[in-house]
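*Asks:*
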Amino acid sequence: MLPQLFFAYFAVMILGLALVVITRRNMVHAVVWMLLMFVHIGGLYLFLNAEFFAVIQVIVYAGAVLVMFLFVVLLLNLREEQGLPIFIRGVQGRVIIGLILLLTLVSAAGQASKGQGGRFSIDYIQRQTHIKVLGSVLFNDYVYPFLIMGFILFVPMVAVVVLAIRRSNGSS
Amino acid sequence: MEFLYNLMIPIIKVAVVFAVTLLHVAYATYFERKVIGRMQCRIGPTEVGPYGLLQPFADMFKSLFKEDIIPAKADKAVFFIAPVIVLAPTMSSLSVIPFAEGFMIADVNVGMLFILACASLSVYGIILAGWSSNSKYAFFGGMRSAAQVISYEIAMGISLASVFLMAGSVRLDEIVKAQYEYTFSMYAPHLLIGFVVFLIAAFAETNRTPFDLPEAETELVAGYLTEYSGFRYALFFLSEYVAMFIMSSIITLCFLGGWTIPRFITDILPFLSYVPGILWFLSKVYFFMFFYYWIRATIPRYRFDQLMAIGWKILIPLSLLNLLIVAFVKRFVID
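These protein sequence lines are chains A and B, in that order. Its first residue numbered 3, the first sequence is counted upward by one per residue in the numbering used here. Its first residue numbered -7, the second sequence is counted upward by one per residue in the numbering used here.
1) Does the beta carbon of N101 (chain B) sit closer than 8 Å to a beta carbon anywhere in chain A?
2) Does the count of Cβ pairs from the segment 119 to 133 of chain B and the segment 166 to 186 of chain B closer than 8 Å reach three?
3) Under 7 Å Cβ-Cβ, which residues of chain B neighbour H132 (chain A)?
4) Just verifying my parser: in three-state terms, what is the DSSP assignment at R66 (chain B)?
5) Would G65 (chain A) count as contacting chain B if we go by Cβ distances under 8 Å?
6) When you compare the CB of F71 (chain A) with every CB in chain B, is at least one pair closer than 8 Å?
7) Would a check of beta-carbon distances place Y116 (chain B) closer than 8 Å to chain A?
8) Rounded to whole angstroms, what's the CA-CA distance from R323 (chain B) to A13 (chain A)? Just pull it up for me.
9) Between F54 (chain A) and chain B, is any beta-carbon pair separated by less than 8 Å?
10) Does the separation of the CB atoms of V57 (chain A) and S112 (chain B) fall below 8 Å?
11) In the DSSP assignment, the alpha helix (DSSP H) including L46 (chain A) goes from what residue to what residue?
12) Could you tell me whether any Cβ in chain B is nearer than 8 Å to the Cβ of L37 (chain A)?
13) Compute the distance between the beta-carbons of A147 (chain B) and G303 (chain B), then report whether it is under 8 Å.
14) If the cut is a Cβ gap below 7 Å, which residues of chain A does F106 (chain B) touch?
15) Looking at the secondary structure, which residues open and close the alpha helix (DSSP H) in which G249 (chain B) lies?
16) Taking C-beta pairs closer than 9 Å, name the residues in chain A that I150 (chain B) reaches, listed in chain order.
17) Does W123 (chain B) get closer than 8 Å to chain A when you measure Cβ to Cβ?
18) Note down the Cα distance separating A166 (chain A) from L48 (chain A), rounded to an integer number of angstroms.
19) In chain A, which residues lie less than 8 Å from V70 (chain B) when you measure between Cβ atoms?
20) Measuring only the C-alpha atoms, how far is G18 (chain A) from L4 (chain A)?
21) Note down, in chain order, every chain B residue with its Cβ under 7 Å from the Cβ of L76 (chain A).
22) When you compare the CB of F147 (chain B) with every CB in chain A, is at least one pair closer than 8 Å?
23) So is A109 (chain B) in contact with chain A if we call contact Cβ pairs under 8 Å?
24) If you count every other CB in all the chains shown that lies within 10 Å of the CB of T175 (chain B), and 16 or more means buried, which is it?
25) Quick one: complete alpha helix (DSSP H) runs, 4+ long, within the segment 116 to 162 of chain B?
26) Looking only at its chain, what residues have a beta carbon closer than 6 Å to the beta carbon of Y144 (chain B), apart from the 5 residues adjacent to it on each side?
27) At 7 Å on the CB atoms, spell out the chain A contacts of I142 (chain B), in chain order.
28) Can you list the residues of chain A that D162 (chain B) reaches, using a CB-CB cut of under 8 Å?
29) Take the Cβ of G297 (chain B) as the centre, count every other Cβ of all protein chains shown within 10 Å, and call the residue buried at 16 or more, exposed below.
30) Taking only the alpha-carbon atoms, compute the straight-line gap between S55 (chain B) and M15 (chain A) and give it to the nearest angstrom.
31) Looking at C-beta atoms only, is the number of pairs between the segment 228 to 240 of chain B and the segment 269 to 285 of chain B that lie closer than 8 Å three or more?
32) Within 10 angstroms of the Cβ of T13 (chain B), are there 16 or more other Cβ atoms? Answer buried if so, exposed if not.
33) Roughly how many whole angstroms lie between the Cα atoms of L245 (chain B) and F71 (chain A)?
34) With distances taken between CB atoms, is the gap from S85 (chain B) to F106 (chain B) smaller than 8 Å?
35) Mark K65 (chain B) as exposed unless 16 or more other C-beta atoms lie within 10 angstroms of its C-beta, in which case mark it buried.
36) Can you name the start and end residues of the alpha helix (DSSP H) that Q32 (chain B) belongs to?
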């Protein structure tokens, strides 16, 4: 009973907080609510015994990504826009696409099954600790996908630096 | 009955740790004023109580009874919650610190990463405090502080990664146990670069001199604290001193062997092994608290661009180099 209650709390809070985030008129308030939502997602990971993901969720999403959001919101200075009656009108294509995606997800949810066990049983992971198992899988079995991911992330970083250098040369 | 027992033990532990930490904060301020006073040829507080020992309590009551001023155009909800956002993660990261062998509130596998997560959450309090005050100086101070904390967090995390690599664990008690096997029973001589990088980053993380840019009086009044008064100011103050305590604890646990003392000392003087571990732990922690004050009395403040250059151009490459060296040594020499 207790696990279901915990799950219910996290599920309801995550969905509710997500709704609160997109309905705030003040963007800074939206970011604060989103912070609370990220912490709840971390709690949900913890509930699934994925403690490493829970901490990474907080460090990466709450600690890095959301701080960047906050910086952007503060730099844009949206004080006047807050007074506007409504930002976007009418039914839009993206809303329909989003609904279709949601429908696909919901219809696929019934067919979800437990992944293949192999040697990674719950007992094995608890004995080896989560981080060790994750590291050994990531850096031994999936090392090429991992390197490709790193390269994909590296390209935009170079692009940003190139753009920034060109901008600073143009102004001077 | 057993359920109650299991519930009571953590609550008692939390109460003990919180009480000790709050008392620590009170006397850390007294210690700081005495040390800096002596370094500046003064004698520090002497009036309240014998040797001025009750001065921290006088300060506490003063800030409790002060008028709580809220700027007229402040965003009230965010203004109220900002000090709490700073204090709550800082206090909760105390829960994974092993003060002595087997004494920690929460025995979690992610140990050190939990502290890093808490540190990354308390940045919000600083930014939001600056933003919600609706004042130029507070806003600039908040932005500066946030940029500084985020930049130095990277160097800190990478230099800690070398410790995780050496110990093969992120649990703080296992890091201490792994260190005991090495010469000197500490990582500081082995991971010298990582140790120095972490030490510098710890100063920047806690916004202390020479990196106390957010509070640079001459340019920014008091940074993000400008509009805070009374008890809300005291909350920020409290979390700064708790953060210093946590940083000193991390240095002690990850680089200086925590509650253990070097084995060659106990070989020469065997009776020292009967001294409880918490004493060694606290003496190392308070050495670093003293070091914080010593630096504050000695080194002038950096300029903001110098601060960023130190963080990004020196500390991060150095910590990466340290990580590479440690990885090679661990793979080809130790294993």
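Idealized CB from N, CA, C, for every residue including glycine.
*Replies:* According to the structure data:
1) So yes, N101 (chain B) belongs to the interface.
2) In this structure the segment 119 to 133 of chain B does not lie against the segment 166 to 186 of chain B, because fewer than three pairs of beta carbons, one per stretch, are closer than 8 Å.
3) Those within 7 Å of H132 (chain A) in chain B are N101.
4) The sequence shown places Ala at residue 66 (chain B), rather than the Arg named in the question. Residue state, collapsed to three classes: coil.
5) yes
6) no
7) yes
8) 43 Å
9) yes
10) Not in contact: V57 (chain A) and S112 (chain B) (Cβ atoms no closer than 8 Å).
11) M29 to F49
12) Interface residue, yes.
13) yes
14) V57
15) Counting along the chain, G249 (chain B) falls outside any alpha helix (DSSP H), and DSSP gives it neither H nor E.
16) Close partners of I150 (chain B) in chain A (Cβ separation under 9 Å) are lacking, with about 13 Å as the shortest Cβ gap.
17) yes
18) Cα to Cα, the separation comes out at about 40 Å.
19) V30, H31 and V34
20) 21 Å
21) W123
22) The sequence shown places Ala at residue 147 (chain B), not Phe. Not closer than 8 Å to any Cβ of chain A, the Cβ of A147 (chain B) fails to qualify, so no.
23) yes
24) exposed
25) Here the runs fully enclosed are 128 to 159.
26) A193, A196, E197 and G303
27) V69
28) With the sequence shown as reference, residue 162 (chain B) is identified as Val, and Asp is not the correct amino acid for it. Result: I133.
29) Here the sequence assigns Asp to residue 297 (chain B), which means Gly is not the residue at that position. Result: exposed.
30) Each residue's CA atom was taken as its position, placing S55 (chain B) and M15 (chain A) some 37 Å apart.
31) yes
32) buried
33) 34 Å
34) yes
35) Here K65 (chain B) is exposed. Its C-beta has fewer than 16 other C-beta atoms within 10 Å.
36) No alpha helix (DSSP H) contains Q32 (chain B), which DSSP labels as neither H nor E.
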